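J.: I have a structure here, written as structure tokens, and I will follow up with some questions on it.
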Amino acid sequence: MATTAETERPHWVRTVLIGRRPKRTAARIVVLVVVCFVWFRFVLLPIRVQGMSMMPAYTENRVNFVNRVAYLFHEPRRGDVVAIRTSGISIMYMKRIIGLPGETVGFHAGQAVINGKILDEPYLKYNCDWELPPKLLGPDEYYFVGDNRSMPEGDHEKGVATRWRIVGKVLL
Amino acid sequence: MNRWFWRAAITAVLVAMAVWFYTVFFPSPERAIRARLTQLAKSASFGGKESPVAAMANAQRAAGFFMEDVQIRVELPGRIAATVSGRDDVREKTMALRSFGGGLQVEFLDINVTVAPDKNSAEANLTLKGRIAGEKDLIVQELKMLLNKIEGDWKIKRVETVKTLSFSTPPAAILANYD
């Protein structure tokens with residue numbers, strides 16, 4: 427006489443929700459949460475753009491990411507759009523690097539002047555009439571400015587900060 | 011095995027609760043300062059419909075966070091550059107701001123605190139986030155505050171603007187909590 431060992435199969439809803447092996451599902455969820463936390467905290471930091479200082483390239487309320495490992499193997503370059511820390515990273519400034527360490531940076535007739543030469547900035551869409559005397563950057567200093575220079579010079583946050591302020595490069 | 015597991019789990023929960031209670035009832039200076047500044051931000055915030063009596067009481071409460079001889083020098087690019095001297099001046103300016111109407115929501119973010127070795131003075135570096143009712147743009151400004159411990163309470167002695175984009179040397183309070 428033959429006997430059959432009949433195992434009871436779990437309900438399909440349970441299978442869909444937690445899988446056939448709940449312990450493995452739990453382990454996968456834990457790994458996924460840890461990976462997401464590390465990834466979105468230390469590698470690609472999600473941000474939401476607020477304000478108009480980087481228009482038209484970066485419009486308000488657009489979601490973006492800051493690549494925090496972009497400068498592990500090379501230093502920031504001219505033209506890079508970067509996130510700059512304040513007292514932390516809850517709120518950061520988003521600006522473009524136009525001056526590198528050791529250079530002189532100024533504005534003449536609304537155009538950025540680096541080491542006495544006018545900087546070609548094809549990303550600019552709005553003209554301005556800013557006049558700023560040349561400033562010599564220190565060995566670890568960068569000059570940051572937004573793309574939207576249509577506003578008065580005094581109302582536009584721009585200037586010098588050291589390398590440690592740069593959180594990473596804006597991804598998109 | 012199972013019994014030992016539950017004993018260990020219950021012990022871990024009890025230890026965690028004990029640590030939590032200890033930090034609530036005996037907070038570290040850093041934690042106490044952060045809590046104090048968060049309360050200040052709440053007191054400084056106001057809605058559009060605030061009665062004169064409530065405005066006066068709230069202005070009084072906000073002024074209570076400062077020392078008698080407080081010095082405040084704040085510059086918000088494109089908005090204001092204000093100097094306030096003394097607690098009475100703080101109260102008057104706060105009242106004037108509240109009577110202006112509208113509404114203001116204030117938050118202090120990323121509060122980095124460095125306590126002096128004597129544990130009676132401290133420096134806090136933080137980012138002010140303000141939103142004026144009806145305005146689209148946020149107010150964002152990095153600030154440095156010096157605090158003194160007076161009769162068990164942390165009071166603000168000085169407030170200064172930190173210019174994020176022209177400040178070569180990072181404030182000590184930020185570097186201590188750099189992430």
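Heads up: the sequence lines are chains D and U, in that order. Just add 426 to wherever you are in the first sequence, counting from 1, and you've got our numbering. Just add 10 to wherever you are in the second sequence, counting from 1, and you've got our numbering. Cβ coordinates follow ideal geometry from the N, Cα and C atoms, glycine included. The model shown is predicted, which means the values in this text are computed figures rather than measured ones.
Going along the chain, which residues of its own chain have a beta-carbon closer than 7 Å to the beta-carbon of H582 (chain D), five neighbours each way excluded?
T.: If you number the first sequence from 1, residue 582 (chain D) lands on position 156. Cβ within range, chain order: S479, G572 and R575.
J.: How many Å lie between D128 (chain U) and Q81 (chain U) at the Cα?
T.: As a position in the second sequence, residue 128 (chain U) is number 118, starting the count at 1. As a position in the second sequence, residue 81 (chain U) is number 71, starting the count at 1. Distance between the alpha carbons of D128 (chain U) and Q81 (chain U) is about 22 Å.
J.: Using the Cβ count rule (16 or more neighbours within 10 Å means buried), how would you classify T104 (chain U)?
T.: Indexing the second sequence from 1 puts residue 104 (chain U) at position 94. It counts as buried.
J.: How should R83 (chain U) be labelled, buried or exposed, when 16 other C-beta atoms within 10 angstroms of its C-beta is the threshold for buried?
T.: The residue given as residue 83 (chain U) occupies position 73 in the second sequence. Counting Cβ neighbours within 10 Å, R83 (chain U) comes out exposed, since fewer than 16 surround it.
J.: Along the segment 146 to 168 of chain U, where does the CB come closer than 7 Å to a CB of chain D? Name the residues.
T.: D147, L148, V150 and E152
J.: Would a C-beta distance cut-off of 7 Å place N12 (chain U) and S513 (chain D) closer than the cut-off?
T.: Reading the second sequence from its first residue, position 2 is the one you call residue 12 (chain U). Reading the first sequence from its first residue, position 87 is the one you call residue 513 (chain D). Cβ atoms of N12 (chain U) and S513 (chain D): not closer than 7 Å.
J.: Can you list, in chain order, the residues of its chain with a C-beta nearer than 6 Å to that of T93 (chain U)? Leave out the 5 residues immediately preceding and following it.
T.: Sequence index remark: in the second sequence, residue 93 (chain U) carries index 83 (1-based). If we look at T93 (chain U) and ignore the five residues flanking it on each side, its Cβ neighbours are R83.
J.: Among D:E557, D:V457 and D:V439, which has the Cα closest to the Cα of V539 (chain D)?
T.: By 1-based counting over the first sequence, the position of residue 539 (chain D) is 113. Nearest option by C-alpha distance: D:E557.
J.: Would you say N12 (chain U) reaches chain D, if we count a Cβ-Cβ gap shorter than 7 Å as a contact?
T.: Start at 1 with the first residue of the second sequence, and residue 12 (chain U) comes out as number 2. Chain D contact via Cβ: absent.
J.: Over the uninterrupted alpha helix (DSSP H) stretch that includes W590 (chain D), give me the two end residues.
T.: Here residue 590 (chain D) refers to the residue found at position 164 when the first sequence is read from its first residue. Here W590 (chain D) belongs to no alpha helix (DSSP H), and DSSP marks it neither H nor E.
J.: Does the beta-carbon distance from S53 (chain U) to A72 (chain U) come in below 7 Å?
T.: Along the second sequence, one-based indexing puts residue 53 (chain U) at 43. Along the second sequence, one-based indexing puts residue 72 (chain U) at 62. Yes; because the gap between Cβ atoms is below 7 Å, this pair is in contact.
J.: Please identify the residue among D:I524, D:F491, D:R435 and D:P560 whose C-alpha is closest to the C-alpha of A509 (chain D).
T.: Locating residue 509 (chain D) in the first sequence gives position 83, where the first residue counts as 1. A509 (chain D) has its Cα closest to that of D:F491, out of D:I524, D:F491, D:R435 and D:P560.
J.: Quick one: is the Cβ of V475 (chain D) within less than 6 Å of any heavy atom of the ligand SAM?
T.: What this structure holds is no ligand at all, so the ligand SAM is not there to describe.
J.: Distance cutoff 7 Å, beta carbons only. Does D120 (chain U) sit that close to anything in chain D?
T.: Within the second sequence, residue 120 (chain U) is the residue found at index 110, counting from 1. Yes, contact with chain D.
J.: Taking 7 Å as the threshold (C-beta atoms), are F570 (chain D) and L175 (chain U) in contact?
T.: Working through the second sequence from its first residue, we reach residue 175 (chain U) at position 165. Working through the first sequence from its first residue, we reach residue 570 (chain D) at position 144. Cβ atoms of L175 (chain U) and F570 (chain D): closer than 7 Å.
J.: Taking C-beta pairs closer than 8 Å, name the residues in chain D that L107 (chain U) reaches, listed in chain order.
T.: In the second sequence, residue 107 (chain U) corresponds to position 97, counting from 1. Within 8 Å Cβ-Cβ: nothing; L107 (chain U) doesn't reach chain D, min ~21 Å.
J.: CA-CA distance, S178 (chain U) and A26 (chain U)?
T.: The sequence position of residue 178 (chain U) within the second sequence is 168, counting from 1. The sequence position of residue 26 (chain U) within the second sequence is 16, counting from 1. Residue placement at S178 (chain U) cannot be trusted, given a pLDDT of 44 that sits under 50; what the coordinates show is reported in the next sentence. The alpha-carbon atoms of S178 (chain U) and A26 (chain U) are separated by roughly 42 Å.
J.: What residues of chain U sit near K584 (chain D), judged by a beta carbon separation below 8 Å?
T.: Your numbering for residue 584 (chain D) matches position 158 in the first sequence. Residues of chain U passing the Cβ test: L175.
J.: Can you tell me the Cα-Cα spacing of F468 (chain D) and E434 (chain D), whole angstroms?
T.: The residue you call residue 468 (chain D) lines up with position 42 of the first sequence. The residue you call residue 434 (chain D) lines up with position 8 of the first sequence. If you draw a straight line from the Cα of F468 (chain D) to the Cα of E434 (chain D), it comes to about 45 Å.
J.: Cβ of G514 (chain D) less than 7 Å from any chain U Cβ?
T.: Looking up residue 514 (chain D) in the first sequence gives position 88. Cβ-Cβ to chain U under 7 Å: yes for G514 (chain D).
J.: Could you confirm whether any beta carbon from chain D is found closer than 7 Å to the beta carbon of L136 (chain U)?
T.: Position 126 of the second sequence, counted from the first residue, corresponds to residue 136 (chain U). Taking a beta-carbon distance threshold of 7 Å, L136 (chain U) counts as an interface residue toward chain D.
J.: With DSSP run on the structure shown, which of helix, strand or coil describes Q70 (chain U)?
T.: Here residue 70 (chain U) refers to the residue found at position 60 of the second sequence. In the structure shown, Q70 (chain U) sits in a helix (DSSP, three-state: H, G or I).
J.: Nearest-angstrom Cα distance between K561 (chain D) and V531 (chain D)?
T.: Taking the first sequence and counting its residues from 1, one reaches residue 561 (chain D) at position 135. Taking the first sequence and counting its residues from 1, one reaches residue 531 (chain D) at position 105. Approximately 5 Å, taken between the alpha carbons.
J.: At a Cβ threshold of 7 Å, is Y453 (chain D) touching chain U?
T.: Here residue 453 (chain D) corresponds to residue number 27 of the first sequence, with the count starting at 1. At residue 453 (chain D) the sequence reads Ala, which differs from the Tyr that was named. Output row for A453 (chain D): interface = no.
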